[in-house]
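Asker:
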Amino acid sequence: RKRMPLFYWSEEYVRAFQACYAPTRPPPAPGSLLYLGRYDIASEAVARRYPSEDTARAVVSMGGTVARQQALNVETASQLAEQAETVVADHGSGVLNIMFWRPRAVIELVVDDWWVNNNLFVAHDMGVEHYAVIKVDGLTSLEITRKLDACLAHFRSRPAALDAGERRSDPISQGREAR
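Position in the sequence shown counted from 1, then plus 12, gives you this note's numbering.
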């Protein structure tokens, strides 16, 4: 594997990015679900293949929307804000698109036991309430649907935050939700 320099966004950096590129972030529609698929995007660090087609089928079967990460830019990402109460995304820098939105929950999909926690810290700094990591190696669309359903049921069983100030929680306990 190629060595990658890691950069962790602080809350200050997240706010600065949002001020520049996403100054107005409309609230998401309740119950909305958005999948950010990598499809065939090649990683510079390691060769990974995500089950993007199977995940897209799973999300669509759950009433969600699918977006290809490579098709996103500032405008197209901003247009998806209302569809992003829960964001499902293949691991990688594309998860940072959450900074254009106000997600309540993020579910990050990983393969080959490859996960770096940068996106968890960004989500924490944004006040995302729930964060889960699911290993999807070799799973079918049905198995992915079951895992996503389980995460969403767990998130729904947790009390909702009253306002953005109360959406902050410890990233360590957020990581435990993924188990």
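Cβ atoms here follow ideal geometry from the backbone N, Cα and C, with glycine treated the same way.
Note that the coordinates shown come from a computational prediction; the quantities given were computed from them, not determined experimentally.
Pull up the DSSP beta-bridge partners for residue 110, would you.
Answerer: Counting from one through the sequence shown, the residue named residue 110 turns up at place 98. According to DSSP, residue 110 bridges with nothing at all.
Asker: Please identify the residue among 65, 121, 117, 113 whose C-alpha is closest to the C-alpha of residue 90.
Answerer: In the sequence shown, residue 90 corresponds to position 78, counting from 1. The residue with the shortest Cα to Cα distance from residue 90 is 113.
Asker: Should residue 236 go down as buried or exposed, given a rule of 16 or more other Cβ atoms within 10 Å for buried?
Answerer: As shown, the chain starts at 13 and ends at 191. That puts residue 236 outside it, with no answer to give.
Asker: Please classify residue 117: does DSSP put it in a helix, a strand, or coil?
Answerer: Taking the first residue of the sequence shown as position 1, residue 117 is located at position 105. Here residue 117 sits in strand by DSSP.
Asker: Around the Cβ of residue 131, are there at least 16 other Cβ atoms within 10 angstroms (buried) or fewer (exposed)?
Answerer: Position 119 of the sequence shown, counted from the first residue, corresponds to residue 131. The residue in question, residue 131, is buried, as its Cβ has 16 or more Cβ neighbours within 10 Å.
Asker: Which stretch, first to last residue, makes up the alpha helix (DSSP H) that contains residue 134?
Answerer: What you label residue 134 is simply residue 122 of the sequence shown in a count that begins at 1. Here the alpha helix (DSSP H) through residue 134 covers 130-138.
Asker: I'd like the span of the beta strand (DSSP E) that includes residue 98, first residue to last.
Answerer: The sequence position of residue 98 within the sequence shown is 86, counting from 1. Here the beta strand (DSSP E) through residue 98 covers 98-102.
Asker: Taking the alpha-carbon of residue 44 as reference, which of 38, 136, 75, 109 has the nearest alpha-carbon?
Answerer: For this step, residue 44 is matched to residue 32 along the sequence shown. Ranking the options by Cα distance to residue 44, first place goes to 75.
Asker: Which residues mark the beginning and the end of the alpha helix (DSSP H) in which residue 37 is found?
Answerer: By 1-based counting over the sequence shown, the position of residue 37 is 25. Neither: residue 37 is in no alpha helix (DSSP H) and is coded neither H nor E.
Asker: Using the C-alpha atoms, what's the distance from residue 128 back to residue 28?
Answerer: Here residue 28 is taken as the residue at index 16 of the sequence shown, counted from 1. Here residue 128 is taken as the residue at index 116 of the sequence shown, counted from 1. Residue 28 and residue 128: Cα-Cα distance of roughly 23 Å.
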